[in-house]
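Protein chains: 2
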Amino acid sequence: MPTTSTSTRVLPTPSPDRPLRIAMVAPPYFSIPPKGYGGIEAVVADLVDELVADGHHVTLIGAGPHGTKATEYVSTFDEPPSRKLGEPLPEVVHAARVAQIVERGNFDIVHDHTLAGPLLARATVAPTVVTMHGPLEPDPLEYYRALGGTVHLIGISDAQRRPAPDLPWLGTVHNGIRVETFPFQPKKENFALFMGRFHPQKAPHLAIDAARAAGMPITLAGKCQEPVEKAYFEAEIAPRIGPDVSLFGVADAVAKRQLYRRAACLLFPICWEEPFGLVMVEAMACGTPVVALRRGSVPEVVRDGVTGVVVDSPDELPAAIEAARVLSPQACRDHVATSFSTERMAHGYVAAYRKLLAPMQEPAVPAVRSVA
Amino acid sequence: MPTTSTSTRVLPTPSPDRPLRIAMVAPPYFSIPPKGYGGIEAVVADLVDELVADGHHVTLIGAGPHGTKATEYVSTFDEPPSRKLGEPLPEVVHAARVAQIVERGNFDIVHDHTLAGPLLARATVAPTVVTMHGPLEPDPLEYYRALGGTVHLIGISDAQRRPAPDLPWLGTVHNGIRVETFPFQPKKENFALFMGRFHPQKAPHLAIDAARAAGMPITLAGKCQEPVEKAYFEAEIAPRIGPDVSLFGVADAVAKRQLYRRAACLLFPICWEEPFGLVMVEAMACGTPVVALRRGSVPEVVRDGVTGVVVDSPDELPAAIEAARVLSPQACRDHVATSFSTERMAHGYVAAYRKLLAPMQEPAVPAVRSVA
Numbered sequence: 048m049p050t051t052s053t054s055t056r057v058l059p060t061p062s063p064d065r066p067l068r069i070a071m072v073a074p075p076y077f078s079i080p081p082k083g084y085g086g087i088e089a090v091v092a093d094l095v096d097e098l099v100a101d102g103h104h105v106t107l108i109g110a111g112p113h114g115t116k117a118t119e120y121v122s123t124f125d126e127p128p129s130r131k132l133g134e135p136l137p138e139v140v141h142a143a144r145v146a147q148i149v150e151r152g153n154f155d156i157v158h159d160h161t162l163a164g165p166l167l168a169r170a171t172v173a174p175t176v177v178t179m180h181g182p183l184e185p186d187p188l189e190y191y192r193a194l195g196g197t198v199h200l201i202g203i204s205d206a207q208r209r210p211a212p213d214l215p216w217l218g219t220v221h222n223g224i225r226v227e228t229f230p231f232q233p234k235k236e237n238f239a240l241f242m243g244r245f246h247p248q249k250a251p252h253l254a255i256d257a258a259r260a261a262g263m264p265i266t267l268a269g270k271c272q273e274p275v276e277k278a279y280f281e282a283e284i285a286p287r288i289g290p291d292v293s294l295f296g297v298a299d300a301v302a303k304r305q306l307y308r309r310a311a312c313l314l315f316p317i318c319w320e321e322p323f324g325l326v327m328v329e330a331m332a333c334g335t336p337v338v339a340l341r342r343g344s345v346p347e348v349v350r351d352g353v354t355g356v357v358v359d360s361p362d363e364l365p366a367a368i369e370a371a372r373v374l375s376p377q378a379c380r381d382h383v384a385t386s387f388s389t390e391r392m393a394h395g396y397v398a399a400y401r402k403l404l405a406p407m408q409e410p411a412v413p414a415v416r417s418v419a
Numbered sequence: 048m049p050t051t052s053t054s055t056r057v058l059p060t061p062s063p064d065r066p067l068r069i070a071m072v073a074p075p076y077f078s079i080p081p082k083g084y085g086g087i088e089a090v091v092a093d094l095v096d097e098l099v100a101d102g103h104h105v106t107l108i109g110a111g112p113h114g115t116k117a118t119e120y121v122s123t124f125d126e127p128p129s130r131k132l133g134e135p136l137p138e139v140v141h142a143a144r145v146a147q148i149v150e151r152g153n154f155d156i157v158h159d160h161t162l163a164g165p166l167l168a169r170a171t172v173a174p175t176v177v178t179m180h181g182p183l184e185p186d187p188l189e190y191y192r193a194l195g196g197t198v199h200l201i202g203i204s205d206a207q208r209r210p211a212p213d214l215p216w217l218g219t220v221h222n223g224i225r226v227e228t229f230p231f232q233p234k235k236e237n238f239a240l241f242m243g244r245f246h247p248q249k250a251p252h253l254a255i256d257a258a259r260a261a262g263m264p265i266t267l268a269g270k271c272q273e274p275v276e277k278a279y280f281e282a283e284i285a286p287r288i289g290p291d292v293s294l295f296g297v298a299d300a301v302a303k304r305q306l307y308r309r310a311a312c313l314l315f316p317i318c319w320e321e322p323f324g325l326v327m328v329e330a331m332a333c334g335t336p337v338v339a340l341r342r343g344s345v346p347e348v349v350r351d352g353v354t355g356v357v358v359d360s361p362d363e364l365p366a367a368i369e370a371a372r373v374l375s376p377q378a379c380r381d382h383v384a385t386s387f388s389t390e391r392m393a394h395g396y397v398a399a400y401r402k403l404l405a406p407m408q409e410p411a412v413p414a415v416r417s418v419a
């Protein structure tokens, strides 16, 4: 079980394989799956579809119309309050309605992806699993500390969990992608790809410097819209633009797949503890190795020397680009299919749910069930 | 019991007079009492002090330092997160910590004044009373509807409750003031006073028109800082300024008392369903009658023909100003001392608490209480 934590891996005997009744609580701001922006909603949609495909009973709670295979769908707002993202009121209205829905149901597990929802866990009969989708910055850290043992936390990487080993972690479940939607291409063109926001944390300027030093053209695709992104672009990217630099703009779902499949490598020179880098997984799914700095989830996602090259300093990136040329595209693809598929993600969550339920289901009669 | 609702008034026999153990949950954004802005925090501070003076045990939960007489004070943030007012994270961090504190205590009642706190009520052993401090706009209404019977609501006026009779109201408790801090002055000067924000809902332009038509100078004091206030001022106030109009700016605690005590009347021509108009109470405490439009809490706060004149249309305001000249300043003062003191407010809350606790304390002996 490479995508779950050590503690999940040592699950002694699996609980019976009976289907679980799961209340899946999504945020209310975007439809599921989202039409555009909405990273959490995209993960939730894939997870729901896989859980249902595996025979579980999933009641999805979200807002507006949905497009998943959920066994049951309950909406808390006719229209998702997207324009109120960041305001406190939609959070608490959603949570209050979730409480009503969960109370009426008969669930084994409540799996919550929202901000205010975990406050309900004290009053919920079924145990509450919470996926931590963002970085553990000081304020969220204090929140999850105060929630204490009322919830069971899932990290999306071990790196994300590292600053707070004291939190009630149930395990790590990496995000997954629908591998079949990413085109595999073993023969690569001679350019490096940067895919991501124009932001100092993503550091596309380091990507340009490294590709140039390696003598490889680079294509940069990503968002440059917010003030911090524009200021960074003017200061660090504009002065570096030359004939070996192509700016693509924002790549949609089709365009990004075309870029991934053709690129010789993905450059991922992040300068922060990013909890999970989905673009690494997407690139590898297309057979494209990753050249990255050793920060955040990078060492967990890339098999160093097999599906990419991970280095400690920007100075080492040009040589890493060279080294990545000889890596096997098939190995990259296989790694994602094995460890970062949506099936794998769903199995990781089911293992976590069962780990939580096992002692509850078998409290006093272990001898009777020894044959199970 | 004029400051509580009908249902509170019919409380059959008061519960035993034993002191109550109350968890008082304030918002985390300002100290209690607040140094400047913070209307809810000011009400909470007065309520806590009165409850403790009446012999109750009050655990106040807030943020930062406090200045109340609370039996016990527990802070959820060393420094109130004032700059994060309006963000969702401080709400949920505060609520998660409140849950821990309430769980450790042994309370008869939890009295919550926050946004996210009521989500905890399902898991709290003691019943949760929530004061509705704001107007029942659509979003809050939906929130309190979804909370349903898990909380017991207190309105700050019957007018505030009117749009939603279906909510689980426990009663109405008007806000109160510390009457002794307001100077009584029976002899009035010849000017009308407007005290409030420069906002179309507060309608100071109607106050100017009415005073001018009555031949009385007017002084306007209040905030004009936000864009909507400045735009309103330019459009409606600036063109009306003349030798009979004095602009005071923002009046602090001392200045507003000096204005109230001297004024012939307070003009309160509101154009919205304001849930509670504290300035009316403050003016009457100084012996100053109120001339107002019949909106929101006005008919509950002003004794029409005794402590002020309440009319239905702006056209009637000039005659009402004339009529108010002959009202008794002592009657105004007495009305506030009787019905809008902080003592009165605290007694209203204690009656509500006891109403809620009575059936819980005496569940199985209705026959004994048949004489009540």
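Taken in order, these protein sequences are the chains called X and B.
Residues in the first sequence are numbered from 48 upward in steps of one, following my numbering.
Residues in the second sequence are numbered from 48 upward in steps of one, following my numbering.
Glycine included, C-beta positions come from ideal geometry on N, C-alpha and C.
Looking at the unbroken beta strand (DSSP E) that takes in residue i, where does it start and where does it end?
i, result
"residue 158 of chain X", "156-159"
"residue 68 of chain X", "68-72"
"residue 105 of chain B", "104-109"
"residue 119 of chain B", "119-122"
"residue 176 of chain B", "175-179"
"residue 357 of chain X", "355-358"
"residue 314 of chain B", "312-315"
"residue 294 of chain B", "292-296"
"residue 337 of chain X", "337-340"
The alpha helix (DSSP H) with residue i in it runs from where to where?
i, result
"residue 379 of chain X", "376-386"
"residue 220 of chain B", "Premise fails: residue 220 of chain B is in no alpha helix (DSSP H) and is neither H nor E."
"residue 113 of chain B", "Run containing residue 113 of chain B: none; DSSP gives neither H nor E here."
"residue 147 of chain X", "135-151"
"residue 101 of chain X", "Residue 101 of chain X -> no alpha helix (DSSP H), and no H or E assigned at all."
"residue 76 of chain B", "First-last for residue 76 of chain B: undefined, no H or E at that position."
"residue 272 of chain B", "No alpha helix (DSSP H) contains residue 272 of chain B, which DSSP labels as neither H nor E."
"residue 347 of chain B", "345-348"
"residue 186 of chain B", "185-194"
"residue 283 of chain X", "Segment: none, residue 283 of chain X is in no alpha helix (DSSP H) and carries neither H nor E."
"residue 162 of chain X", "Where residue 162 of chain X is concerned, there is no enclosing alpha helix (DSSP H), given that its DSSP letter is neither H nor E."
Give the interface partners of residue i over in chain X, defined as CB-CB distance under 8 Å, in chain order.
i, result
"residue 140 of chain B", "186, 189, 190, 193"
"residue 136 of chain B", "162, 186, 187, 190"
"residue 166 of chain B", "139, 142, 143, 146, 163, 166, 167"
Interface residues of chain B around residue i at Cβ under 7 Å?
i, result
"residue 170 of chain X", "169, 170"
Assign residue i to buried or exposed, taking buried as 16 or more other Cβ atoms, counted over all protein chains shown, within 10 Å of its Cβ.
i, result
"residue 354 of chain X", "buried"
"residue 305 of chain X", "exposed"
"residue 385 of chain B", "exposed"
"residue 85 of chain X", "buried"
"residue 272 of chain X", "exposed"
"residue 286 of chain X", "exposed"
"residue 146 of chain X", "buried"
"residue 54 of chain B", "Reliability fails at residue 54 of chain B, whose pLDDT of 38 lies under 50, so the model's placement of it is uncertain and the value that follows must be treated cautiously. By the neighbour-count rule (16 or more Cβ atoms within 10 Å), residue 54 of chain B is not buried but exposed."
"residue 64 of chain B", "exposed"
"residue 155 of chain B", "buried"
"residue 377 of chain X", "exposed"
Could you tell me which chain X residues have their CB closer than 9 Å to the CB of residue i, listed as they occur along the chain?
i, result
"residue 306 of chain B", "None at all; the shortest Cβ gap to chain X is about 35 Å."
For residue i, go through chain B and note every residue whose CB falls closer than 8 Å to its CB, in chain order.
i, result
"residue 144 of chain X", "193"
> Between the stretch 67-75 of chain X and the stretch 194-208 of chain X, do three or more beta carbon pairs fall short of 8 Å?
Replying inline: no
> How do the stretch 220-231 of chain B and the stretch 242-262 of chain B stand: do at least 3 beta-carbon pairs fall below 8 Å, yes or no?
Replying inline: no
> Below 8 Å, can you find three or more Cβ-Cβ pairs linking the stretch 284-302 of chain X to the stretch 208-221 of chain X?
Replying inline: Contact between the stretch 284-302 of chain X and the stretch 208-221 of chain X is absent, because fewer than three Cβ pairs lie under 8 Å.
> Are the stretch 335-343 of chain B and the stretch 85-99 of chain B touching, with three or more C-beta to C-beta distances below 8 Å?
Replying inline: Cβ pair count under 8 Å is below three, so no.
>> Assess contact between the stretch 163-181 of chain B and the stretch 121-129 of chain X, defined as three or more Cβ pairs (one per stretch) separated by less than 8 Å. Is contact present?
In response: no
> For the 8 Å Cβ check, are there 3 or more pairs between the stretch 242-250 of chain B and the stretch 314-334 of chain B?
Replying inline: yes
> Fully enclosed by the stretch 198-264 of chain X, which beta strand (DSSP E) runs are 3 residues long or longer?
Replying inline: 199-202, 216-219, 239-242
> Quick one: any contact between the stretch 396-404 of chain B and the stretch 363-372 of chain B, if contact means 3 or more CB pairs under 8 Å?
Replying inline: no
> If you pair each beta-carbon of the stretch 262-275 of chain B with each one of the stretch 340-347 of chain B, do three or more pairs fall below 8 Å?
Replying inline: no
> Is there contact here, the stretch 164-172 of chain B with the stretch 166-173 of chain X, by at least three beta-carbon pairs under 8 Å?
Replying inline: yes
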